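Report on the following structure.
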Amino acid sequence: MEGHMYLIQILLPLYDNEGIPFTQDEFLKVRDSLSERFGGITTYMRSPARGLWKETRETTVHDDIVIYEVMAAELDRAWWKRYRQQLAADFRQDILIVRSSEIELL
0 MEGHMYLIQI
10 LLPLYDNEGI
20 PFTQDEFLKV
30 RDSLSERFGG
40 ITTYMRSPAR
50 GLWKETRETT
60 VHDDIVIYEV
70 MAAELDRAWW
80 KRYRQQLAAD
90 FRQDILIVRS
100 SEIELL
């Protein structure tokens, strides 16, 4: 398993825009789907991360998030775009971050 791969990270909010928490089943569905497609997944859920960004000059917004990571030999951008759009709809988000990095396994 040496060589170049892609590390894809999905940042999912714990709460919708009204502050209502998502159910564990919603996160398990994502975990199981990604695990099945990519053969494994890393989930950072114990201590949620906090995302902060400026919505306007005077307003800072924050989200408590969990991070899912998968590795893939190929980066199917079209599939990830569709999946990100589906996750944004499922998690009722205007913007949902899915990012990739090229990595080298040692």
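Take 0 as the starting number for the sequence shown in numbering that gives the first Met the number 0 and just add one per residue. Backbone N, C-alpha and C fix where the C-beta goes; we use that ideal spot for every residue, glycine too. Computed from a predicted structure; not experimentally measured.
Burial state of residue i (16 or more Cβ within 10 Å)
{"i": "Leu-74", "result": "exposed"}
{"i": "Pro-20", "result": "exposed"}
Beta-carbon spacing of residue i, residue j below 7 Å
{"i": "Val-97", "j": "Arg-81", "result": "no"}
{"i": "Ala-72", "j": "Phe-37", "result": "no"}
{"i": "Val-69", "j": "Ile-40", "result": "yes"}
Alpha-carbon to alpha-carbon, residue j and residue i
{"i": "Tyr-14", "j": "Ala-88", "result": "14 Å"}
{"i": "Glu-17", "j": "Ile-64", "result": "15 Å"}
{"i": "Arg-30", "j": "Tyr-5", "result": "18 Å"}
{"i": "Asp-24", "j": "Gln-92", "result": "18 Å"}
{"i": "Arg-76", "j": "Leu-33", "result": "15 Å"}
{"i": "Leu-104", "j": "Glu-35", "result": "21 Å"}
{"i": "Leu-10", "j": "Trp-78", "result": "17 Å"}
{"i": "Gly-2", "j": "Ser-99", "result": "16 Å"}
{"i": "Thr-42", "j": "Phe-26", "result": "10 Å"}
{"i": "Thr-22", "j": "Phe-90", "result": "10 Å"}
When the options are compared against residue i, the one with the closest alpha-carbon
{"i": "Gln-85", "options": "Glu-101, Lys-28, Gly-2, Asn-16", "result": "Lys-28"}
{"i": "Leu-95", "options": "Pro-12, Gly-2, Leu-105, Leu-6", "result": "Pro-12"}
{"i": "Tyr-67", "options": "Gln-8, His-3, Trp-78", "result": "Gln-8"}
Bounding residues of the beta strand (DSSP E) (the contiguous stretch that carries residue i)
{"i": "Leu-33", "result": "It is not in any beta strand (DSSP E) - Leu-33 instead sits in the alpha helix (DSSP H) that spans 23 to 37."}
{"i": "Arg-98", "result": "97 to 104"}
{"i": "Gly-18", "result": "Here Gly-18 belongs to no beta strand (DSSP E), and DSSP marks it neither H nor E."}
{"i": "Leu-10", "result": "2 to 12"}
Host alpha helix (DSSP H) of residue i (start-end)
{"i": "Leu-86", "result": "76 to 89"}
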